[in-house]
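Residue numbers (my numbering), protein chains in the order written: chain G, 168 to 504; chain C, 168 to 504.
Glycine is no exception: its CB is placed at the ideal position from the N, C-alpha and C atoms.
Every value quoted in this text rests on a predicted model; they were computed, and no experiment measured them.
This is the structure in structure tokens:
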């Protein structure tokens, strides 16, 4: 079996600072993958962010640098990963338009991810057409640089499946072998619960710990975390399942044996929430404070962030132009070559 | 009242040679408008043609030069009109993607033109998403060069209305005055009946007289034209309404008085179809044969046609780049300026 080169594409929507959910859900994988892949691309998805923020371009613009800072601070390395902004690679728009003919309205509107997201956003009878098109746009985001490996949240798998269908249709319709199957890399912790015990850490739910939070903010948030509402006195028996503090200790505390002992003690009774929360606070501060420190250092020099993006964009466009030459040839719209 | 400069955008889908319906429906207006407008653009809509011919790019490619030849032969003058190919101005794709956020799925799927065209094409449950998007794409086709005047078939007016809604929304959302209202110029003969009496001259119905037809073909087609099926003998009274030969004489015969006399005679009885058809044949040959001759002459030198397109594309891209600088500023995605 042919072993293929890994070309990785990852990205974030610039609609807010990143939080622990992003960290475990994708950023950790990015840092790992950039050492395994032959090429790595990190995209700030401003055009995608505009599909449901068309009336708030200020917000999108302001968050471009924030998500880049978050990724750099976590160790996504511009020497290994090409950082770029989606809107600055216009070939992606061209490719999206061409892909749009290879997918039906029905496929998009029946896509499980889209259905859920439409419901969550409550668009009702006013679905922005661009929002419905975002899986097509995402196929173009991935394929303009011939990426085949995409770290992805578990909710997004149907969108990746749609991209695979588009590329299969492209190859078949134009009798080429331009694009190869995309593999989604799902994290061990594809979905982190919110500190309130909500199903998902999400900015709009206000239940996040951000990678830019101060030690005081981290402590305050952990102290408010959802545990076992029946566990009132220290001597009460406590529940571990659905207890956010234990979920986070499982995910972030390196001392797995220590955590197991605490669980046993908690279930028996005699262990207070405060002890646990103090331990979690320390674990999270140990994780976040160096990230935050790097972030603050990087943020002092926004010009060099823009330079990273500028040279990344140049690199991404080089790839895009190469791909578009092949795409235009396949579609016979290469009139002057 | 401010008198605004006319900027004209017209175009054809390269899916076949053009016929008399195109001539009276739009080409005549193009030739007239190019002398009135401050700028004139003629677009070969290859990307739009691909929305419902994605699996037949060969057909689209081959017809690019055909529609250009038809327009040049009819007097659309590359000295006055910028000829370009849609796919070669990628800024149109960028603008389309941005416009897609300013229109809802519901607006597009309820648009009367789209509804009719979807039905005609019989897509059923497999509407190509790109096809549904073509009114958005058309808004971008018109607005990338800030056109405000569009010669248009009467069926297409709702699509133009959609473009006006998009530009209004754009200006309002981004608090700019970038685009101004588009006016449709509807021809005196917005829809020519087919030679078979069908509602519309249309390639797919096989009822067309082409601008490239030979004299023999013109004669043959006119001889088969639909007249009054009850008018069997010369002495029979004949009907003028719905009689294609009279409809065409009304549209193409300069001698209006002569046509009125023939109508009177036909209605009274004593005038055979053959006499009328011979007259119409002559009228159409007089119209088409010089066009065809110019067409044949031009076709001998395809390289100079490609040169016209090449320099037109350069010109169109200059306009497109200017517009996109303003658009990117409005959307705050002008990170490096």
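Taking C-beta separations shorter than 8 angstroms and ignoring five residues to either side along the sequence, the partners of residue 378 of chain G in its chain run 184, 185, 186, 187, 189, 190, 237, 240, 241, 455, 458, 459 and 462, following chain order. Here residue 339 of chain C is exposed: its Cβ has fewer than 16 other Cβ atoms, across all protein chains shown, within 10 Å. Annotation: Cβ neighbours of residue 270 of chain C in chain G (cutoff 9 angstroms, chain order): 295, 296 and 297. Here DSSP, grouped into helix, strand and coil, assigns residue 415 of chain G to helix. For residue 220 of chain C, the CB contacts under 8 angstroms within the same chain, skipping 5 residues up- and downstream, are 182, 226 and 227 in chain order. The distance from the Cβ of residue 172 of chain C to that of residue 345 of chain C is about 15 angstroms, inconsistent with a contact at the 8 angstroms cut-off. Within the stretch 245-325 of chain C, complete beta strand (DSSP E) segments of at least 3 residues are found at 249-252 and 316-319, given in chain order. Annotation: Cβ neighbours of residue 254 of chain G in chain C (cutoff 7 angstroms, chain order): 500. When C-beta distances to chain C are compared with 9 angstroms, the residues of the stretch 303-334 of chain G below that value are 303 and 304, in chain order.
Residue range 174-179 is occupied by the beta strand (DSSP E) that includes residue 179 of chain C. Of the residues C:206, C:386, C:233 and C:277, the one whose Cα lies closest to the Cα of residue 249 of chain C is C:206. At least 9 angstroms separates the beta-carbon of residue 469 of chain G from that of residue 258 of chain C.
Spanning the alpha carbons of residue 303 of chain C and residue 318 of chain G requires a straight line of approximately 32 angstroms. Any Cβ of chain G closer than 9 angstroms to the Cβ of residue 456 of chain C would place that residue at the interface, and such an atom is absent. For secondary structure counted as the alpha helix (DSSP H) over 4 or more consecutive residues, the stretch 372-445 of chain C holds these complete runs in sequence order: 382-390, 411-419 and 423-435.
According to DSSP, residue pairing for residue 210 of chain C in a beta bridge involves C:178 and C:251.
The secondary-structure analysis by DSSP pairs residue 352 of chain C across a beta bridge with C:318.
Residue environment: residue 426 of chain G is assigned as buried (16 or more neighbouring CB atoms within 10 Å of its CB, all protein chains considered). With fewer than 16 other beta carbons inside 10 angstroms of its own, residue 422 of chain C counts as exposed.
Those residues of the stretch 334-351 of chain G placed with their C-beta closer than 8 angstroms to a C-beta in chain C are 340 and 341, ordered along the chain.
Nothing from the stretch 385-407 of chain G brings a Cβ to less than 7 angstroms from some Cβ of chain C.
C-alpha of residue 275 of chain G to C-alpha of residue 385 of chain C: approximately 47 angstroms in a straight line.
By the criterion of a C-beta distance shorter than 8 angstroms, residue 212 of chain G is surrounded in its chain by 178, 179, 180, 181, 253 and 308, once the five residues flanking it on both sides are discounted.
Note: residue 189 of chain G is not bridge-paired with any residue in the DSSP secondary-structure output. Along the stretch 225-242 of chain C, going in chain order, the ones with a CB nearer than 8 angstroms to a CB of chain G are 225, 227, 228 and 231.
CA-CA distance, residue 215 of chain C to residue 301 of chain C, rounds to 7 angstroms. Of the residues C:354, C:341, C:356 and C:332, the one whose Cα lies closest to the Cα of residue 348 of chain C is C:332. Minimum Cα-Cα distance from residue 475 of chain G among the listed residues G:200, G:247 and G:197 corresponds to G:247.
Here the alpha carbon of residue 327 of chain G sits roughly 24 angstroms from the alpha carbon of residue 480 of chain G. Of the candidates G:262, G:465, G:450 and G:279, the residue whose Cα lies closest to the Cα of residue 306 of chain G is G:262.
Per DSSP, residue 198 of chain C is one residue of the alpha helix (DSSP H) stretching across 195-203.
In summary, residue 334 of chain G is buried, with 16 or more beta-carbon neighbours lying within 10 Å of its beta-carbon over all protein chains present. Bounds of the alpha helix (DSSP H) holding residue 487 of chain C are 469-497. At least one beta carbon of chain G lies nearer than 9 angstroms to the beta carbon of residue 222 of chain C. Of all residues in the stretch 265-290 of chain G, only 267, 268, 269, 270, 271, 272, 273 and 275 come within less than 7 angstroms of chain C when Cβ atoms are compared, listed by chain position.
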